[in-house]
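Structure, as structure tokens:
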Amino acid sequence: MPFADASFDLIVSNLGVNNFEDRAAAIRECRRVARNGATLALTTNLQGHMHELYEVFADVLRDDDDALARLRAHVAHRATIADVRELLEDGGFTVTRVVEREGVMRFADGTALLNHYFIKLGFLDGWKKVVPGNERDIFARLRDALDDLAARKGELRLTIPMAYIEATAT
């Protein structure tokens, strides 16, 4: 970051840690720009997010072991509280507060989900990497399966476990 060492008393990251390829380097950089005693406040989605979607996706891929392995790896990249605590402590912070909550994203059906701007912006590219070269067929089947689920349940609800974690630069 283009800031001098020990520049900030507060660093806020809303879902940022989810999106860094090298999370440890990002946290080390936060520590570099944090004054001693500074607060790092971050939110992150946790493992188990959108499990309703990923269960349907896995069912669509049930005959493709390679794609299923890629899907499992994609799902597993989300953090746990223990992962984030270790990341922060290794990066020079002491965790002082953890608050876990669960939210819900609601869509009319799979068509609405796959056409939603936020999904296209933040998720679709990662999902496509699960089925490289076969996106059109797989996503048509996924859409249809999600549409069926939504028709049975009256909507498509995706659970989002998340955490707020506060830490102090030590």
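At position 160 of the sequence shown (counting the first as 1) the number is 309 in this note's numbering, and the numbers step up by one without a gap.
Beta carbons: idealized from backbone N, C-alpha and C, even for Gly.
query: Where N167 sits in the DSSP three-state scheme; result: helix
query: Under 9 Å between C-beta atoms of V205 and L298; result: yes
query: Proximal residues to L291 (C-beta, below 8 Å), its chain only, five neighbours per side dropped; result: V205, F206, V209, G259, L263
query: Identity of the residue in E235, A300, Y313 nearest E249 by Cα; result: Y313
query: Completely contained alpha helix (DSSP H) runs for the region 170–222, where each covers 4 or more residues; result: 172–182, 200–209
query: For R250: DSSP bridge partner residues; result: M311
query: Residue interval of the alpha helix (DSSP H) (run including A299); result: 284–302
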